[in-house]
Amino acid sequence: MCLGIPGRVVDMVDPAQDLAKVDVNGVQRAISVRLLAGTGLQVGDWVLVHVGFAMARIDEDEAKLTLEQVRKMGADYVNEIEAFSASEIA
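So the number in the working numbering is just where the residue sits in the sequence shown, counting from 1, plus 15.
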């Protein structure tokens, strides 16, 4: 199963390449924020992450609610966090 999971932007790693570092449940990875280019994305914003891309900007309340719901999925959530932890943008 593939999920979009909330992550908080912690660093704009390479603005020219639209790369930002996000924190998802304590795991930090660089992801592409190209789909959100021109939206004023900043450190501290929440995004919905799927397969290494920020798909949408979401507010903190939505992020917390989504995290609460996906944690209830048990093994699927654990698998998604493990996949995120093992991923890298080349």
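Just so you know, even glycine gets a beta-carbon here, dropped at the ideal spot from N, CA and C. Small disclaimer: the values here were computed from a predicted structure and weren't measured.
Could you name the residues that DSSP lists as bridge partners for residue i?
| i | result |
| --- | --- |
| residue 22 | 62 |
| residue 35 | 46 |
Output the boundary residues of the alpha helix (DSSP H) element that contains residue i.
| i | result |
| --- | --- |
| residue 44 | Where residue 44 is concerned, there is no enclosing alpha helix (DSSP H), although the beta strand (DSSP E) it sits in stretches over 42-47. |
Express the C-alpha separation of residue j and residue i in angstroms, rounding to a whole number.
| i | j | result |
| --- | --- | --- |
| residue 35 | residue 73 | 16 Å |
| residue 88 | residue 98 | 15 Å |
| residue 90 | residue 20 | 14 Å |
| residue 39 | residue 62 | 10 Å |
| residue 37 | residue 70 | 13 Å |
Decide if residue i is buried, meaning its Cβ has at least 16 other Cβ atoms within 10 Å, or exposed.
| i | result |
| --- | --- |
| residue 60 | buried |
| residue 41 | exposed |
| residue 75 | exposed |
Counting pairs of beta carbons, one from the stretch 73-88 and one from the stretch 43-53, are three or more of them closer than 8 Å? no
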